[in-house]
């Protein structure tokens, strides 16, 4: 982000496109199922060879990445008609239960959408609807300027 509070990039950048994501975000495995300006729903198919710590459980960074990504995509969708994107300022992710593998659901919901900032909450649940992680992300809405 530049000192003027803007970010560089293409104003036509589609914030729901993960083809532009870094290898880090792509490796986390978040698949988007529904995206709107107030809600994002997706899933991750957790695999031992991709998502585990050396101790055999899913790395918390996978959940923190999913929380940040889902909130950022939804928040950016909410402001893209104003030639803006939303960038994360704070990501607080609580890890509640560990799992070893399987599909988890990621659901992000806007709690507050202001002119300059947004607050989103994100839950990660397993196939039995047990809450595995819960996060809140505060985001800043910033103008996109051409490169």
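In this note's numbering, the protein residues as written are 754 to 900. Glycine included, each C-beta is placed from N, C-alpha and C at the ideal position. The model shown is predicted, which means the values in this text are computed figures rather than measured ones.
- Task: On a CA-only basis, which of 826, 858 and 890 is nearest residue 845? Give me that one, please.
- Result: As a position in the chain shown, residue 845 is number 92, starting the count at 1. The shortest C-alpha separation from residue 845 is found at 890.
- Item | Alpha-carbon spacing of residue 895 relative to residue 863, whole angstroms | Taking the first residue of the chain shown as position 1, residue 895 is located at position 142. Taking the first residue of the chain shown as position 1, residue 863 is located at position 110. Going from the Cα of residue 895 to the Cα of residue 863 covers about 17 Å.
- Measure the Cβ-Cβ separation of residue 852 and residue 783 and say whether it is below 8 Å. Walking along the chain shown from the start, residue 852 turns up at place 99. Walking along the chain shown from the start, residue 783 turns up at place 30. Not a contact, by the Cβ cut-off of 8 Å.
- Task: Could you have a look at residue 798 and say whether DSSP puts it in helix, strand or coil?
- Result: Translated into the one-based positions of the chain shown, residue 798 becomes position 45. Strand.
- Query: Which residues mark the beginning and the end of the alpha helix (DSSP H) in which residue 790 is found?
  - Reply: Against the chain shown, residue 790 aligns to sequence position 37. Bounds of any alpha helix (DSSP H) do not take in residue 790, whose DSSP letter is neither H nor E.
- Message: Quick check: what's the CA-CA separation for residue 802 versus residue 871?
- Response: Working through the chain shown from its first residue, we reach residue 802 at position 49. Working through the chain shown from its first residue, we reach residue 871 at position 118. So the two alpha carbons sit approximately 35 Å from each other.
- Between residue 823 and residue 779, what straight-line distance do the alpha-carbon atoms span, to the nearest angstrom? Position 70 of the chain shown, counting from 1, holds the residue named residue 823. Position 26 of the chain shown, counting from 1, holds the residue named residue 779. Straight through space, the alpha carbons of residue 779 and residue 823 are spaced by roughly 13 Å.
- Item | Counterpart residues of residue 876 in DSSP-defined beta bridges | Translated into positions along the chain shown, residue 876 becomes position 123. According to DSSP, residue 876 bridges with 860 and 887.
- Check the DSSP bridge columns for residue 849 and list the partner residues they point to. Translated into the one-based positions of the chain shown, residue 849 becomes position 96. When DSSP reads this structure, residue 849 sits in no beta bridge, so it has no partner.
- Message: Rounded to the nearest angstrom, what separates residue 787 and residue 830 at their Cα positions?
- Response: As a position in the chain shown, residue 787 is number 34, starting the count at 1. As a position in the chain shown, residue 830 is number 77, starting the count at 1. Distance between residue 787 and residue 830, taken at the CA atoms: about 12 Å.
- Item | residue 834, buried or exposed, once every other Cβ within 10 Å from all chains shown has been counted against 16 | Position 81 of the chain shown, counting from 1, holds the residue named residue 834. Exposed, because fewer than 16 other Cβ atoms sit within 10 Å of the Cβ of residue 834.
- Message: In whole angstroms, give me the CA-to-CA distance for residue 881 and residue 857.
- Response: In the chain shown, the residue the question calls residue 881 occupies position 128. In the chain shown, the residue the question calls residue 857 occupies position 104. C-alpha of residue 881 to C-alpha of residue 857: approximately 9 Å in a straight line.
- Round the Cβ separation of residue 818 and residue 781 to the nearest angstrom and send it over; I've been treating them as touching at under 8 Å. In the chain shown, residue 818 corresponds to position 65, counting from 1. In the chain shown, residue 781 corresponds to position 28, counting from 1. Going by Cβ atoms, the distance from residue 818 to residue 781 rounds to 4 Å, so yes, they are a contact pair.
- Message: Going by C-alpha to C-alpha distance, which of 855, 899, 873 and 793 sits closest to residue 885?
- Response: Taking the first residue of the chain shown as position 1, residue 885 is located at position 132. Checked all of 855, 899, 873 and 793; the closest Cα to residue 885 is 855.
- Item | 6 Å CB neighbourhood of residue 847 in its chain, flanking five on each side removed | Your numbering for residue 847 matches position 94 in the chain shown. If we look at residue 847 and ignore the five residues flanking it on each side, its Cβ neighbours are 887.
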